Amino acid sequence: MFIKSTFINLIVKMENPFEIILERLEKIEIAIQKLKLPTIKDDKEVLLSRIETATLLKFSLTTLWKHTKSGKLKSYGIGNRVFYKKDEVLKSLTRIN
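As numbered in the UniProt record's numbering, residues 1 to 97 make up the sequence shown, in order.
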């Protein structure tokens with residue numbers, strides 16, 4: 001349907017197809033800019049889910065739970081979901097050598 005209407009517009013208006021394409025690309029770019037969310041650049045504000053944290057630390061979820069229960073990692077909850085602050089997770093790592 002979309003292609004058919006575009007083709008009809010080309011025939012009726014006899015417009016340059018490249019102008020139509022450029023016009024639509026500009027509209028798409030504007031729509032994408034409106035959809036972009038502000039990025040969080042400060043790691044202090046980044047919350048990681050249990051799976052993201054376990055992946056970051058290369059732990060299983062069981063090992064993550066053990067470190068949380070022992071107090072090595074601090075977790076935060078919203079409803080029934082558990083999150084970890086990225087900066088706290090990275091600070092909990094200790095150098096071995």
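Here a beta-carbon is modelled for each residue, glycine too, at the ideal position from N, C-alpha and C. Just so you know, these numbers come straight off a predicted model, no measurement behind them.
Item	Value
Close beta carbons around VAL46, own chain, < 8 Å, minus the five adjacent residues each side	ILE40, LYS85, LYS86, ASP87
DSSP three-state assignment for GLU24, whether helix, strand or coil	The displayed chain sequence assigns Arg, not Glu, to residue 24. It is helical.
Residue range of the unbroken beta strand (DSSP E) whose run includes ILE78	76 to 78
Cα-Cα separation, SER70 to ARG24	56 Å
Backbone secondary structure at PHE59 - three-state DSSP	coil
Classification of ALA31 by the beta-carbon crowding that lies within 10 angstroms, buried from 16 upward	exposed
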